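A short worksheet on the structure shown next.
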Amino acid sequence: MPEPNLELPELNPIIHGKLRLALLSLLATVEEAEFTWLRGRTGSTDGNLGAQLMKLEEAGYVTVEKKFVQRKPQTLYRLTEQGRTALTEYVQALKQLLGAAIEA
Amino acid sequence: MENETTERDLRDRLDLIENMIAEGRRKSESWGWAFVLWGLAYYVAFFWGNWGHFAYAWPVTVIAASLLTMLGFWRNGSKGRPNTTLGRAIAAVWWTTGLAMFILYLSLAFSGRLADYHLSVAIAGAMLGAANAACAAMLRWMSQFLCAIVWWSTCVAASFGSASQTTDAFLGAIFLCQIVFGIYAMTLEARRRRQHEALHA
Numbered sequence: 035m036p037e038p039n040l041e042l043p044e045l046n047p048i049i050h051g052k053l054r055l056a057l058l059s060l061l062a063t064v065e066e067a068e069f070t071w072l073r074g075r076t077g078s079t080d081g082n083l084g085a086q087l088m089k090l091e092e093a094g095y096v097t098v099e100k101k102f103v104q105r106k107p108q109t110l111y112r113l114t115e116q117g118r119t120a121l122t123e124y125v126q127a128l129k130q131l132l133g134a135a136i137e138a
Numbered sequence: 185m186e187n188e189t190t191e192r193d194l195r196d197r198l199d200l201i202e203n204m205i206a207e208g209r210r211k212s213e214s215w216g217w218a219f220v221l222w223g224l225a226y227y228v229a230f231f232w233g234n235w236g237h238f239a240y241a242w243p244v245t246v247i248a249a250s251l252l253t254m255l256g257f258w259r260n261g262s263k264g265r266p267n268t269t270l271g272r273a274i275a276a277v278w279w280t281t282g283l284a285m286f287i288l289y290l291s292l293a294f295s296g297r298l299a300d301y302h303l304s305v306a307i308a309g310a311m312l313g314a315a316n317a318a319c320a321a322m323l324r325w326m327s328q329f330l331c332a333i334v335w336w337s338t339c340v341a342a343s344f345g346s347a348s349q350t351t352d353a354f355l356g357a358i359f360l361c362q363i364v365f366g367i368y369a370m371t372l373e374a375r376r377r378r379q380h381e382a383l384h385a
């Protein structure tokens, strides 16, 4: 009988938050996304969304660009390579943990 | 019990990732209108050209349709819809095909070598078939591949058929692959939007 929990990976706490995980997953599919689009897809409030995006930005997982289009302010977010790698590693860890939970 | 909660939580996280990825990919497939627009443009140019203004019917209509298409996609973009690599690849197939056809036909028209009606339709059929097939391969979409087959059949019909058969094949392909396919794509897009709204209501 193998020891199930000896080499199990830890889940990245920055990504583990549901909204942050949703944001990274969304940004993984597009080249860049506007704040309002992310808000619409996640159904979150402006304040919460802004706070979670800031955490992701501080971790180096997303970059932000602010500009004006037709005189309206636009905030664009992009997933960085570091963010993509972190998300991939998170998914692998999640699958590994889920496999261990099923086997246990 | 703790294990059950943990497992459920992990599954929730995986479901969330899957749903968000599907959500992100769904976003920009709003181009059925462009097929309908170009179908109507082909009809306008064809009948206008046959009315005796062939020299400028096609270039004027194609330029007008291109401007309307750019305006439409620009409006979609300004609504905050983001770009995807797949979306950019599909757009590239269409604009390069369109530009190639425009340069080819304009050059042949100015040089006076656009005399063969059959050849003109056959080239258009082959190129539009290739563009549809490339997009169908990228999207893994059988309906669009059927459009490619219809365009390539038009190419064959124009090569071997009479003038009236060539016209019938060309007008029929425009109807099926632009108007009908465009409306079908718009219907799918509207259904997806409704499903999305119901999910987020």
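Chains as they are written, first to last, in our numbering: chain A, 35 to 138; chain B, 185 to 385. Glycine is no exception: its CB is placed at the ideal position from the N, C-alpha and C atoms. Owing to the predicted nature of the structure, the values given are computational and were not obtained by experimental measurement.
* Proximity of glycine 218/B and threonine 253/B at Cβ, strictly below 8 Å -> Against the second sequence, residue 218/B aligns to sequence position 34. Against the second sequence, residue 253/B aligns to sequence position 69. The amino acid at residue 218/B is misidentified as glycine; the sequence shows alanine. Taking 8 Å as the Cβ cut-off, alanine 218/B and threonine 253/B qualify as a contacting pair.
* **Ranges of the alpha helix (DSSP H) found wholly within the region 289-354 of chain B, counting only runs of at least 4** => Taking only runs of at least 4 residues, the alpha helix (DSSP H) segments lying wholly in the region 289-354 of chain B are 301-323, 326-344.
* With distances taken between CB atoms, is the gap from leucine 200/B to alanine 62/A smaller than 8 Å? -> In the second sequence, counting from the first residue as 1, residue 200/B sits at position 16. In the first sequence, counting from the first residue as 1, residue 62/A sits at position 28. Taking 8 Å as the cut-off, the beta carbon of leucine 200/B is found no closer than this to the beta carbon of alanine 62/A.
* Asked: Within 8 Å (strictly less), CB to CB, does arginine 75/A reach chain B?
  -> Your numbering for residue 75/A matches position 41 in the first sequence. Yes, its Cβ sits closer than 8 Å to a Cβ of chain B.
* Beta-carbon spacing of alanine 332/B, asparagine 316/B below 8 Å -> Numbered from 1 along the second sequence, position 148 holds the residue referred to as residue 332/B. Numbered from 1 along the second sequence, position 132 holds the residue referred to as residue 316/B. Yes, Cβ-Cβ distance for alanine 332/B and asparagine 316/B is below 8 Å.
* Can you check whether the CB of glutamine 116/A is closer than 8 Å to the CB of proline 43/A? -> The residue you call residue 43/A lines up with position 9 of the first sequence. The residue you call residue 116/A lines up with position 82 of the first sequence. Cβ atoms of proline 43/A and glutamine 116/A: not closer than 8 Å.
* Along the region 57-69 of chain A, what residues have a CB closer than 7 Å to any CB found in chain B? -> Ser59, Leu60, Ala62, Thr63, Val64, Glu65, Glu66, Ala67, Glu68
* **Proximal residues, the region 119-131 of chain A versus chain B, C-beta separation under 7 Å** => Val125, Leu128, Leu131
* Buried versus exposed call for threonine 79/A [16 or more other C-beta atoms within 10 Å across all chains shown] -> Taking the first sequence and counting its residues from 1, the one referred to as residue 79/A is at position 45. Here threonine 79/A is exposed. Its C-beta has fewer than 16 other C-beta atoms within 10 Å.
* Mapping DSSP to helix, strand and coil, what is threonine 114/A? -> Taking the first sequence and counting its residues from 1, the one referred to as residue 114/A is at position 80. Residue state, collapsed to three classes: coil.
* So, leucine 60/A versus glycine 208/B, is the Cβ gap smaller than 8 Å? -> For the purposes of this step, residue 60/A is taken as residue 26 along the first sequence, with counting starting at 1. For the purposes of this step, residue 208/B is taken as residue 24 along the second sequence, with counting starting at 1. Their beta carbons are under 8 Å apart, which means leucine 60/A touches glycine 208/B by this criterion.
* Asked: With a Cβ-Cβ cutoff of 8 Å, do leucine 121/A and isoleucine 49/A count as a contact?
  -> Residue numbering aside, residue 121/A sits at position 87 when the first sequence is read from its first letter. Residue numbering aside, residue 49/A sits at position 15 when the first sequence is read from its first letter. Cβ atoms of leucine 121/A and isoleucine 49/A: closer than 8 Å.
* **Whole-angstrom distance between glutamate 99/A and arginine 105/A, CA atom to CA atom** => To locate residue 105/A, count along the first sequence from 1; it is residue 71. To locate residue 99/A, count along the first sequence from 1; it is residue 65. One C-alpha to the other measures close to 16 Å.
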